[in-house]
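A.B. asks: Residue numbering for the sequence shown follows UniProt numbering, beginning at 1 and increasing consecutively.
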Amino acid sequence: MGDGERSRHQPRRSGRPMLRRRGGIRSGHPSGARSRGRRPGIRRLTQLAGGWAFRRGLRGELPASDDYHASASIGSDDAAAHIQNTVGSCPNSKIVLGGYSQGAGVIDLASAAMPPSVADHVVAVALFGEPSSGFSSMLWGGQPLPTLNPLYSSKVINLCAADDPICTGGGNIMAHVSYIQSGMTTQAATFAADKLGQGSERA
1 MGDGERSRHQ PRRSGRPMLR RRGGIRSGHP SGARSRGRRP GIRRLTQLAG
51 GWAFRRGLRG ELPASDDYHA SASIGSDDAA AHIQNTVGSC PNSKIVLGGY
101 SQGAGVIDLA SAAMPPSVAD HVVAVALFGE PSSGFSSMLW GGQPLPTLNP
151 LYSSKVINLC AADDPICTGG GNIMAHVSYI QSGMTTQAAT FAADKLGQGS
201 ERA
């Protein structure tokens, strides 16, 4: 991905899902997975939610392949391992998960794979352009599209731009790269910050 944000650039074909960690071992841990193309400003989302971002790349990569199901499965295994490691190493952490496009599918798959107890450490989930359309199903090779584990349903903000072909039946591919400009990342950041605040009150 490189060190800079790609919010003003066009998608690229391949890349590595990214994780974001904020603050010390007792602070919130925003973790985000992007699509093979781009992510809608996960660093910016972290900054809006408060605190600073620590940049960490996942060990694996989403392969530069049109087999979305297989590459997302690889990414979800790595994401689930990192999230569980964070819970084990820093049990007081309040974790925020985020995913865009194929990365939202990665978060869905990871949520299903992780032990139920992990959900107690996750305070918010932000999904952008989650694959849920017929077009997405085709890209997924006809495999059933993943959905978020119900244990996280009270903690999720699921944002889908109007006419985005990945999460609606629409046909405007530019809608799929409109999440920053539309203000939806700010909306998600506000949601995450509110959830982090509630978590602090409970702690």
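Glycine included, each C-beta is placed from N, C-alpha and C at the ideal position.
Which stretch, first to last residue, makes up the beta strand (DSSP E) that contains residue 210?
C.D. replies: Residue 210 lies beyond the stretch modelled for the chain, which goes from 1 to 203, so this question has no answer here.
A.B. asks: Would you kindly work out how many angstroms separate the C-alpha atoms of ASP194 and THR186, rounded to a whole number?
C.D. replies: Taking the first residue of the sequence shown as 1, we reach residue 194 at position 194. Taking the first residue of the sequence shown as 1, we reach residue 186 at position 186. If you take the alpha carbons of ASP194 and THR186, they lie about 12 Å apart.
A.B. asks: Using DSSP with H/G/I as helix, E/B as strand and the rest coil, what is ILE83?
C.D. replies: Along the sequence shown, one-based indexing puts residue 83 at 83. In the structure shown, ILE83 sits in a helix (DSSP, three-state: H, G or I).
A.B. asks: I'd like to know whether the C-beta atoms of LEU145 and SER137 end up nearer to each other than 7 Å.
C.D. replies: Position 145 of the sequence shown, counted from the start, is the residue given in the question as residue 145. Position 137 of the sequence shown, counted from the start, is the residue given in the question as residue 137. Yes, the Cβ-Cβ distance between LEU145 and SER137 is below 7 Å.
A.B. asks: If I follow the unbroken beta strand (DSSP E) through ALA124, where does it start and stop?
C.D. replies: As a working mapping, residue 124 is identified with position 124 in the sequence shown. Residues 122-128.
A.B. asks: Can you list, in chain order, the residues of its chain whose CB lies under 8 Å from that of PRO115, leaving out five sequence neighbours each side?
C.D. replies: If you number the sequence shown from 1, residue 115 lands on position 115. Excluding sequence neighbours, PRO115 sits near GLN84.
A.B. asks: Measuring alpha carbon to alpha carbon, tell me which of ILE157, PHE128 and HIS121 ends up nearest ILE180.
C.D. replies: Translated into positions along the sequence shown, residue 180 becomes position 180. Checking every option, the nearest Cα to that of ILE180 belongs to PHE128.
A.B. asks: On the CB-based measure, 16 or more other CB atoms within 10 Å of its CB, does ALA104 come out buried or exposed?
C.D. replies: Locating residue 104 in the sequence shown gives position 104, counting from the first residue. Its Cβ being crowded by 16 or more others within 10 Å, ALA104 is buried.
A.B. asks: Specify the secondary structure class of LEU145 as computed by DSSP and reduced to three states.
C.D. replies: Here residue 145 refers to the residue found at position 145 when the sequence shown is read from its first residue. Looking at LEU145 - three-state DSSP - the assignment turns out to be coil, as it is neither helix nor strand.
A.B. asks: What did DSSP end up calling residue 211 once you bin it into helix, strand or coil?
C.D. replies: For residue 211 there is no data in the structure shown, the boundaries of the chain being 1 and 203.
A.B. asks: Looking at SER117: is its Cβ nearer than 7 Å to the Cβ of CYS167?
C.D. replies: Working through the sequence shown from its first residue, we reach residue 117 at position 117. Working through the sequence shown from its first residue, we reach residue 167 at position 167. The beta carbons of SER117 and CYS167 sit no closer together than 7 Å.
A.B. asks: Taking just the CA atoms, how far does LYS94 sit from GLY197?
C.D. replies: Locating residue 197 in the sequence shown gives position 197, where the first residue counts as 1. Locating residue 94 in the sequence shown gives position 94, where the first residue counts as 1. Each residue's Cα considered, the two are about 10 Å apart.
A.B. asks: Straight-line CA distance for GLY60 to LEU97?
C.D. replies: Indexing the sequence shown from 1 puts residue 60 at position 60. Indexing the sequence shown from 1 puts residue 97 at position 97. Any reading at GLY60 must be qualified, since the residue scores a pLDDT of 45, below 50, and its modelled position is unreliable; no value is offered.
A.B. asks: Return the Cβ separation of ALA110 and PHE191 in integer angstroms, given the expectation that the two are a contact with Cβ distance under 8 Å.
C.D. replies: For the purposes of this step, residue 110 is taken as residue 110 along the sequence shown, with counting starting at 1. For the purposes of this step, residue 191 is taken as residue 191 along the sequence shown, with counting starting at 1. No, ALA110 and PHE191 are not in contact; Cβ-Cβ is about 19 Å, not under 8 Å.
A.B. asks: I need the DSSP call for GLY170, collapsed to helix, strand or coil.
C.D. replies: As a working note, residue 170 is residue 170 in the sequence shown. It is coil, neither helix nor strand.
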